[in-house]
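**Q** Just passing along the structure, written as structure tokens.
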């Protein structure tokens, strides 16, 4: 295979794995923001919490990686309901600024707590044997872990798509995103719906946080560092849109990976450039409503 | 009554209304004695803590930075997560000028910084201020990080994350050397702050400032009465950017170094937290917030940075839940309560 094609395949594959991580982590944020217009800067903190729960379960309790991921997402999803009922609920009708401040405050407290409990040094996680090493797809070998990420991402997309487009609850969510007042008028309990999506979204974020450990390492600054990426995915995808979030995750994932292959010293320059261009042309994102 | 034509009656009414509005604005514009307090404290601090003047200068710089944010956030209601972009532009204008061009005269450096940061504010504001909500938050945030990445990309010029260390500046006005204790710097920063404060005070009490408050309170109505909303927003954004640029320039000059961390999201968030703690849209909120924040940070982050970060997070949550108008808002509420209690 010519050199150029090898690089292109590597970029596409790594970009795809990265995009799956971004999609899994951001999709909940997109739906909850679409439902309530709530600017949640603490979403990265839930992802970080998921990561640390996975670290504790595998390192301290000696559980396997995959069951730990499941337990972490359920746990964080359940705890997020407490935050939603206790704090977020009070500010649904408040201004952007107040929501930003509340959630930055929560994120700061989460970072401090994580630093206190786990220290500032990045953590790693023990992987089972089948996730280590490479997998041979005939023409090339790929890291097993990234292949796992791609497969998991595709499965989750299918499940979410089914839940969103083919179930009763999914129809209610879509109705509430489109027009919350109207949905309430026809008897949909949007508050309850929001609590539910918030819990699922935070659980998925925790799953993303657990998956990210192997990719980037996990340190307390994760909560803010990657939050910017999640927000960019949500903003350029369009609030409350599943396919928008997927498209945005793919664009950001592949562009960022490509940028780092081609011009490493540019860092995240390309993502921010893309975010600015997309938002200037389509302020509500790819599939958002103006 | 009937001998006055309808047209004249209307113009008389108009004149009465205009006079009343002008009298109201003038009465707000008048200097009130309590306003001298922060300045007296600042001068007193110079004599009481002569060995903490380096820290004092940093506090005053943050006051100026918070003041510039107050202009756009508190008065015009623009929520931005990227105000550090302009602080950084000012800081690097002076830093690059000194390190690469040998432009070490401090006061003219301030003007250059104000110009560059103001230009940055004008260009980005022209494009970004059409948007609101999450889109605007993301665009402002991305702008600041783009500048940081650009600086990192040209690290041959900017020095990257190692920054530009060991800058030297000419004596102030060619007369006053910088001493080890930062006494000259403190007075220099205080002087510049007074000028900036006068400027901001004039702006917020002018009809232009009233229009900004109108935009914050109800942008649709301002559009409906024909106020040039976008132009007003871009104007105030440019002015605020220029003031933030001056604060950044002073930061570089007083520290004699600058690194790319000035563009950090943390820097944008920090100044917003200061302003919120002090109280937005009330001029002196910036003073109180910045002083309280910096002093607490100085004390607690020496004790334990983790504890400090938790505390500032908790303060933010509490402020949003219970004291949405900041510490000054709390004072107002308390004094109102006391008055009612007495009567």
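Residue numbers (the working numbering), protein chains in the order written: chain A, 561 to 850; chain B, 18 to 360. Every residue, glycine too, gets a C-beta built ideally from N, C-alpha and C.
Report yes or no: do the region 215 to 227 of chain B and the region 36 to 46 of chain B share at least 3 C-beta pairs separated by less than 8 Å?
**A** Verdict: yes, contact present.
**Q** Hey, is residue 353 of chain B close to the ligand MG, as in C-beta under 7 Å from one of its heavy atoms?
**A** As presented, the structure is devoid of all ligands, the ligand MG included, so that no description of it is given.
**Q** Quick check for students: name the residue ranges of the alpha helix (DSSP H) that lie wholly in the region 220 to 278 of chain B, counting only runs of 4 or more.
**A** Taking only runs of at least 4 residues, the alpha helix (DSSP H) segments lying wholly in the region 220 to 278 of chain B are 224 to 234, 236 to 241 and 246 to 272.
**Q** So that I know if they touch, is there some Cβ in chain B lying closer than 8 Å to that of residue 815 of chain A?
**A** For residue 815 of chain A, the answer is no, since every Cβ of chain B falls outside 8 Å of its Cβ.
**Q** Should residue 633 of chain A be labelled buried (16 or more other beta-carbon atoms within 10 Å of its own) or exposed?
**A** Buried, by the Cβ-count rule.
**Q** Of all the residues that make up the region 122 to 154 of chain B, which are near chain A by a beta-carbon distance shorter than 9 Å?
**A** If the cut-off is 9 Å between Cβ atoms, the region 122 to 154 of chain B has 144, 145, 147, 148, 149, 150, 151, 152, 153 and 154 near chain A.
**Q** Since residue 163 of chain B meets chain A, which of its residues come closer than 8 Å, beta carbon to beta carbon?
**A** Ordered by position in chain A, the residues that pass the 8 Å Cβ test against residue 163 of chain B are 829, 832, 833 and 836.
**Q** Give the interface partners of residue 323 of chain B over in chain A, defined as CB-CB distance under 8 Å, in chain order.
**A** Those are 672, 675 and 676, listed as they occur along chain A.
**Q** Taking its Cβ as the centre, do 16 or more other Cβ atoms sit within 10 Å of residue 50 of chain B, making it buried, or is it exposed?
**A** That one is exposed.
**Q** Determine which residues share a DSSP beta bridge with residue 695 of chain A and list them.
**A** Note: residue 695 of chain A sits in a beta bridge opposite A:702.
**Q** Does any residue of chain A bring its CB to less than 8 Å from the CB of residue 270 of chain B?
**A** For residue 270 of chain B, the answer is no, since every Cβ of chain A falls outside 8 Å of its Cβ.
**Q** Give the DSSP bridge partners of residue 820 of chain A, in chain order.
**A** Note: residue 820 of chain A sits in no beta bridge, so no partner.
**Q** Under 7 Å Cβ-Cβ, which residues of chain B neighbour residue 664 of chain A?
**A** Near residue 664 of chain A (Cβ distances below 7 Å), the residues of chain B are 286 and 333.
**Q** Going straight from the alpha carbon of residue 183 of chain B to that of residue 132 of chain B, what length do you get?
**A** When rounded, the distance between both Cα atoms is 24 Å.
**Q** Under three-state DSSP, which class holds residue 683 of chain A?
**A** DSSP places residue 683 of chain A in strand when its eight states are reduced to three.
**Q** With 9 Å as the C-beta to C-beta threshold (strictly closer), list the residues of the region 87 to 115 of chain B near chain A in chain order.
**A** From the region 87 to 115 of chain B, only 90, 94, 96 and 98 have a Cβ closer than 9 Å to chain A.
**Q** At a CB distance below 8 Å, what residues from the region 165 to 179 of chain B approach chain A? Give them in sequence order.
**A** For the region 165 to 179 of chain B, which is checked against every Cβ of chain A, the residues closer than 8 Å are 166, 167, 169, 170 and 172.
**Q** How is residue 300 of chain B classed by DSSP in three states: helix, strand or coil?
**A** It is coil, neither helix nor strand.
**Q** Less than 8 Å between the C-beta atoms of residue 773 of chain A and residue 684 of chain A, yes or no?
**A** Against a cut-off of 8 Å, the Cβ pair of residue 684 of chain A and residue 773 of chain A comes out as a contact.
**Q** Give the DSSP-derived three-state secondary structure of residue 184 of chain B in the structure shown.
**A** Residue 184 of chain B: coil per DSSP, three-state reduction.
**Q** Helix or strand or just coil, what does DSSP make of residue 193 of chain B?
**A** In the structure shown, residue 193 of chain B sits in a strand (DSSP, three-state: E or B).
**Q** Let me know if residue 18 of chain B comes out buried or exposed under the rule of 16 or more other beta-carbons within 10 Å of its beta-carbon.
**A** Any reading at residue 18 of chain B must be qualified, since the residue scores a pLDDT of 48, below 50, and its modelled position is unreliable; the value itself is stated next. Exposed, by the Cβ-count rule.
**Q** Looking at the secondary structure, which residues open and close the alpha helix (DSSP H) in which residue 603 of chain A lies?
**A** Note, residue 603 of chain A: alpha helix (DSSP H), 603 to 615.
**Q** Taking all protein chains shown into account, decide if residue 125 of chain B is buried (16 or more other Cβ within 10 angstroms of its Cβ) or exposed.
**A** Exposed is the call here.
**Q** Please determine if the region 85 to 105 of chain B and the region 281 to 290 of chain B are in contact, where contact requires at least 3 C-beta pairs separated by less than 8 Å.
**A** Contact holds: three or more Cβ-Cβ distances are below 8 Å.
**Q** Please report the distance separating the alpha-carbon of residue 822 of chain A from that of residue 76 of chain B.
**A** Cα to Cα, residue 822 of chain A sits roughly 43 Å from residue 76 of chain B.
**Q** Counting C-beta neighbours from all protein chains within 10 Å, is the total for residue 690 of chain A 16 or more, i.e. buried, or is it exposed?
**A** Classification for residue 690 of chain A: exposed.
**Q** With a threshold of 8 Å, are at least 3 pairs of Cβ atoms found where one atom belongs to the region 641 to 654 of chain A and the other to the region 748 to 759 of chain A?
**A** The region 641 to 654 of chain A vs the region 748 to 759 of chain A: in contact.
**Q** Check the Cβ-Cβ distances between residue 825 of chain A and every residue of chain B, and say whether any is below 8 Å.
**A** Chain B, which has a Cβ nearer than 8 Å to the Cβ of residue 825 of chain A, makes this yes.
**Q** Determine the chain A residues that contact residue 341 of chain B at a beta-carbon separation under 8 Å, and present them in chain order.
**A** What residue 341 of chain B touches in chain A: 658.
**Q** Between residue 818 of chain A and residue 807 of chain A, is the Cβ-Cβ spacing less than 8 Å?
**A** Not closer than 8 Å, so no.
**Q** Give the straight-line distance between the Cα atoms of residue 722 of chain A and residue 733 of chain A, rounded to the nearest whole angstrom.
**A** In a straight line, the C-alpha of residue 722 of chain A is about 13 Å away from that of residue 733 of chain A.
**Q** Shortest alpha-carbon distance to residue 174 of chain B belongs to which of B:161, B:165, B:196 and B:117?
**A** Ranking the options by Cα distance to residue 174 of chain B, first place goes to B:117.
**Q** Which same chain residues end up closer than 8 Å to residue 232 of chain B when comparing Cβ atoms and leaving out the 5 residues on each side of it in sequence?
**A** Correct list, in chain order: 93, 94, 239, 244, 246, 249 and 250.
**Q** Start and end of the alpha helix (DSSP H) containing residue 564 of chain A?
**A** Looking at the DSSP string, the run of the alpha helix (DSSP H) that includes residue 564 of chain A is 563 to 596.
**Q** How would you call residue 62 of chain B, buried or exposed, if buried means at least 16 neighbouring beta carbons within 10 angstroms?
**A** Buried: at least 16 other Cβ atoms inside 10 Å.
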